[in-house]
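Notes follow the structure.
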Amino acid sequence: MPDEIPSFADLRRSRMRTPAPVKCVPPSLFESVDPDDSPREDDVAPKPARSRALSAHAGMLPAEPLPAPQNPTHADRIQADVPGRPPAEAEKKDGFPTAVPPEVFSVGELVRHVRNLVERTHNRVTVEGEISNWRPASSGHCYFTLKDAEAQLSIVLFRRQASLLRFRPKDGDSMRVSGSMSVYEQRGQLQLVAETMQQTGLGAALAATQALKERLRKEGLFVNARPLPPFPRCIGVVTSLQGAALRDIIKVCRRRHAGVRLLIYPASVQGPNCAAEVAAGVRWFSLRAQKAAQADGDLSASKEMQASDLPAANSSPRGREGHPAAGVADIILVARGGGSWEDLHGFDSEDVARAIASSYLPVITGIGHATDTTIADAAADHHAPTPSAAAEILTAGYYGLADRLAPLRTRLMRACNYNVLRLRQSVSALNADAILRKARTGLERRAQRLDDLTGRSQVSVERTLRRHLALLTQLESRISRQHVSLRLARNRHSVQSQEQRLRVAHASLLQTAASRLDRAATRLEALSPYRVLERGYALVYGSDGGLLRSSSQVGAGAAITAQLAQGRLRATVDTSE
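Numbering (our numbering), first residue to last: 275 to 851.
Here it is as structure tokens:
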């Protein structure tokens, strides 16, 4: 019997050791990886030295010889910071130290160590940047992002510090924030816990937007106030096909007026392509409507003499009062759902504002929520707080049509009653002899018509009877050819075929179930703990019968029992390490 039984941790470390000897311990994984060395789009080739160091730690390639470090490595410092982990010691073979495999950390341990390191080294920092995505929570805490042209940083301002602010921050403000760095463990996110905030002026992006808005106002681009069509037949929508705004618009239009047509121009509603695509969509609808109007004018001028006696609504097959031509809208709706100031910044573009201001058709915008205002809203003819509100405004004429028709119906009934009364007075003034003569003439004409219909009905009935008689004769002939014994034979053959298929299916199901049962039994047997014991492992129990997982659970002289694959061993502990 051996003096001591190796634990599972010793067996795992012995299997993880790199067989190839080296002259020194390679640098730890945390010293080999630099956050600034992460791969970028313009730099995809990895650095050979760092790649080889990482591969050596992964156990794929032997590490190259490096000079022996004079000071403790970063891995040793990490092990010293993590409770319950003894410092790694290099084992010697033939007089040379061998490579020690890297310690395996859990995600929680690693993140906690990074958090402690960050809080110790950056316990008081001050940073300047522009506020983005300001989100005050119902608990009183405030969350936002501080960014500049190169990076962004998550900030948390707790309720106590937020109550001391003498101003109300908003997106686009330039701030100087002081606090301590930390890591939010649940997300593994680096953040700054703010203690004080100072305003340093408007952000560059917000200041540029306000300057552009003031310049366009002076040019007169925000004076559009064209009336919206009361009964639009076709609405041109410029929005994203994947956004919730389009679904809301369709839902409102169907609920309030199912007959209105929606013509969608797909466009990006955020990102670098937002302004160009939205402006292109507005110009596309405007150009189509302008060309259709010119074609209607040319056609009306060339056929003025021929169409002079027709109603105005039918003067042109593409007229605005008739059915709209394909691709021609009556009004343009620019819509987008809610989002941060950066998400809506594409609608603050000068290109979008000029496209809306110069549009041939009236433009209504429904961008973001009620509190969001963009340059596109100021340039439009009408601004709605949300996309759903814009759709309700455009369909308000159809939705209130019944209320407007009620007084018209009352006026029509009054006019009809007046005309009936006037006609009754005219009839009472007629001569009785003339009335009788007209009635007799009418009765004679109806009697003649009755005789004609009677003759035609008799001919039709006779023709129908002959057709039905021929059909009855044909059916009797077909029935005589159908014998009961033949049908019984066919049914008997069908029943036998179905019985055969049922037996085959039953046998197949039984065979499949037996196969699944065999596979499950095989997998269950492979997962049995006795299989692990057959590979040379053992379960060690203490004197109380409890399973031992650490050498600290027993002392010298204690009796232990080792469960092997076949039998048990009882031993006494000499020493425990």
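Glycine is no exception: its CB is placed at the ideal position from the N, C-alpha and C atoms.
D655 - containing alpha helix (DSSP H), residue span: Run containing D655: none; DSSP gives neither H nor E here.
Can you grab the Cα-Cα spacing for the pair A833 / R809, in whole Å? Approximately 25 Å, taken between the alpha carbons.
Judging by CA-CA distance, which residue of S542, G612, S633 is the nearest neighbour of D604? S633
Other residues of its chain near R450: CB distance less than 6 Å, five sequence neighbours each side excluded: E402, Q472, T474
Are the CB atoms of V526 and A680 nearer to each other than 7 Å? no
Using DSSP's beta-bridge definition, name the partner residues of E402. When beta bridges are read from the DSSP output, E402 appears opposite R450.
Output the distance between the C-alpha atoms of L717 and A708, rounded to the nearest integer angstrom. 14 Å
Those residues which DSSP pairs with R844 across a bridge: T835.
State whether the segment 458-471 contacts the segment 480-492, with contact taken as three or more CB pairs (one from each stretch) at a distance under 8 Å. no
Rounding to the nearest angstrom, what Cα-Cα distance links I509 and E624 in this structure? 24 Å
Assuming L466 contacts V457 (C-beta within less than 8 Å), just tell me the rounded distance between them. L466 to V457, Cβ: 11 Å. No contact.
Residue interval of the alpha helix (DSSP H) (run including K444): Element bounds for K444: n/a, residue is neither H nor E.
Express the C-alpha separation of L801 and R777 in angstroms, rounding to a whole number. 37 Å
Between the C-alpha atoms of R678 and A481, what's the straight-line distance to the nearest angstrom? 48 Å
Report the partner residues of F418 according to the DSSP bridge assignment. Paired residue(s): I429.
Contact check, L618 vs I641 under 8 Å by CB: the rounded distance? Yes, they are in contact, since the Cβ atoms of L618 and I641 sit about 6 Å apart, within 8 Å.
Pick from R628, H643, A644, T645: whose alpha carbon is nearest that of V637? Out of R628, H643, A644, T645, R628 has the C-alpha closest to the C-alpha of V637.
According to the Cβ coordinates, are V534 and R610 closer than 7 Å? no
S448 beta carbon less than 7 Å from that of E404: yes
If you drop the 5 nearest sequence neighbours on each side, which residues of the same chain put their C-beta closer than 6 Å to that of E551? A541, S542
For P443, tell me which candidate among I429, A518, S824 has the shortest Cα-Cα distance. I429
Cα separation between Q827 and N407? Taking the straight line joining both Cα atoms gives about 54 Å.
Other residues of its chain near R557: CB distance less than 7 Å, five sequence neighbours each side excluded: Cβ neighbours of R557 beyond the five flanking positions: A629.
Going by alpha carbons, who is nearest to T513 out of A499, P504, L536? L536
When the Cα of A631 is compared with those of A652, T645, G612, which residue comes out closest? That would be A652, whose Cα lies nearest to the Cα of A631.
If you draw a straight line from the alpha carbon of Q568 to that of D522, how long is it in whole angstroms? 34 Å
Kindly give me the distance between the Cβ atoms of A830 and V847, rounded to whole angstroms, as I take these residues to be in contact under 8 Å. 6 Å
Once you ignore the five residues that flank R215 on each side, which residues in its own chain have a CB closer than 7 Å to its CB? Nothing can be reported for residue 215: it is not among the residues displayed for the chain, which extend from 275 to 851.
Which partner residues of C527 appear in the DSSP bridge assignment? Note: C527 sits in no beta bridge, so no partner.
Express the C-alpha separation of E424 and E315 in angstroms, rounding to a whole number. Confidence at E315 is low in this model, with a pLDDT of 36, below 50, so its placement is unreliable and the value that follows should be read with caution. Cα-Cα distance, rounded: 16 Å.
L420 and L427 closer than 7 Å at C-beta: yes
Tell me the DSSP bridge mates of G640? A609, A658
Could you check whether H531 and T669 sit closer than 7 Å to each other, using their CB atoms as the reference points? yes
Using alpha carbons as the reference points, say which of M455, D445, L438 lies closest to V399. M455
Can you tell me which residues form a DSSP beta bridge with V512? Y539, V608
Starting from V381 and walking both ways along the alpha helix (DSSP H), at which residues does that stretch end? 381-395
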